[in-house]
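Engineer:
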Ligand code: MD3
Ligand code: FE
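Residue numbers (my numbering): 1 to 224.
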């Protein structure tokens, strides 16, 4: 397989042959440019159905700050934060109800993306939905609260573009910057699964379908 890094040669099992939209951005991190663009209206409707049942909310960090990103979840598990810290929970603490089911079109897209990146049988239990309004950002962090670190995380970006920061598993390494636009899907697995990452403050703008916001969905396998 060709790649500008040549790193795929290090894998015993090569992922499927890349098409035009396949970009290896780091070992184990595959950008599928525009994979979510074609079905965007249906994807957005599905997200809006979730948000109607489990509204977006600004969570508190364990350090006592309020996040600028508003979040909610769907699927068997969702992401919650309280004074005890961050964790996955089967219920939405706002409603005390189970999270809304993961809509089929969202699950199907995540599974298709994972398969294209070389992960067959991806079964996400959680889909976290992040809403960025202009100025919202996400500081550099690792996602390590999932028990199953062998599964990738799949992300879908919708709406306004964002500058995504992507480092390595060492906080000392200076992150790369990638512009993620509407419809971009990225699969983060293998050596990239524990990479530090973040999002720069969202620039002002208006997207044709989503208006003055960016939505990011992350699909996660939590339990082994
Ligand atoms: C690389 N979200 O929800 S998505 C998050 O755009 C999160 O809202 C960002 O970081 C956003 O935790 C980035 C891309 C992403 C998600 C998870 C990763 C990249 C990742 C986990 C490991 C490595
Ligand atoms: Fe993250």
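Yeah, the Cβ is synthetic: ideal placement off N, Cα and C, and Gly gets one too. From a predicted model like this one, the values you see are computed outputs, not experimental measurements.
1) Return the chain-ordered list of same chain residues with a C-beta closer than 6 Å to the C-beta of residue 26, the five sequence neighbours on each side being excluded.
2) Going by DSSP in three states, residue 167 sits in which element: helix, strand or coil?
3) Just to confirm, is the Cβ distance from residue 174 to residue 163 under 8 Å?
4) Would you give the residue range spanned by the alpha helix (DSSP H) that residue 40 belongs to?
5) Residues in the same chain with beta-carbon distance under 8 Å from residue 43, minus the five sequence neighbours each way, listed in chain order, please.
6) Where residue 77 and residue 151 are concerned, what is the direct C-alpha to C-alpha distance, given to the nearest angstrom?
7) If you drop the 5 nearest sequence neighbours on each side, which residues of the same chain put their C-beta closer than 8 Å to that of residue 66?
8) Considering residue 131, what are the terminal residues of the beta strand (DSSP E) in which it resides?
9) Just to confirm, are residue 225 and residue 81 a CB contact at a threshold of 8 Å?
10) Relative to the ligand FE, is the shortest distance from any of its heavy atoms to the C-beta of residue 148 smaller than 7 Å?
11) By alpha-carbon positions, which one of 64, 96 and 132 ends up nearest to residue 70?
12) How would you label residue 141, buried or exposed, when you count the other beta carbons within 10 angstroms and need 16 or more for buried?
Structural biologist: Let me spell this out:
1) Same-chain partners within the cutoff: 192.
2) In the three-state DSSP reduction, residue 167 falls in the coil class, being neither helix nor strand.
3) Residue 163 is positioned such that its CB atom lies no closer than 8 Å to that of residue 174.
4) Taken as a continuous stretch (DSSP letters only), the alpha helix (DSSP H) holding residue 40 covers 40 to 53.
5) Contacts found: 36, 105, 106, 109, 156 and 158.
6) In a straight line, the C-alpha of residue 77 is about 16 Å away from that of residue 151.
7) Annotation for residue 66: 58, 59 and 60 place their beta carbon closer than 8 Å to its own, counting only its chain and skipping 5 residues before and after.
8) Under the DSSP assignment, residue 131 falls in the beta strand (DSSP E) whose first and last residues are 126 to 132.
9) Residue 225 cannot be examined here, being either before or after the span of the chain that is shown, 1 to 224.
10) Not a single heavy atom of the ligand FE lies less than 7 Å from the C-beta of residue 148.
11) In this structure, 132 is the residue among 64, 96 and 132 with its C-alpha nearest to the C-alpha of residue 70.
12) Under the 10 Å beta carbon count, residue 141 is surrounded by fewer than 16 other beta carbons and is classified as exposed.
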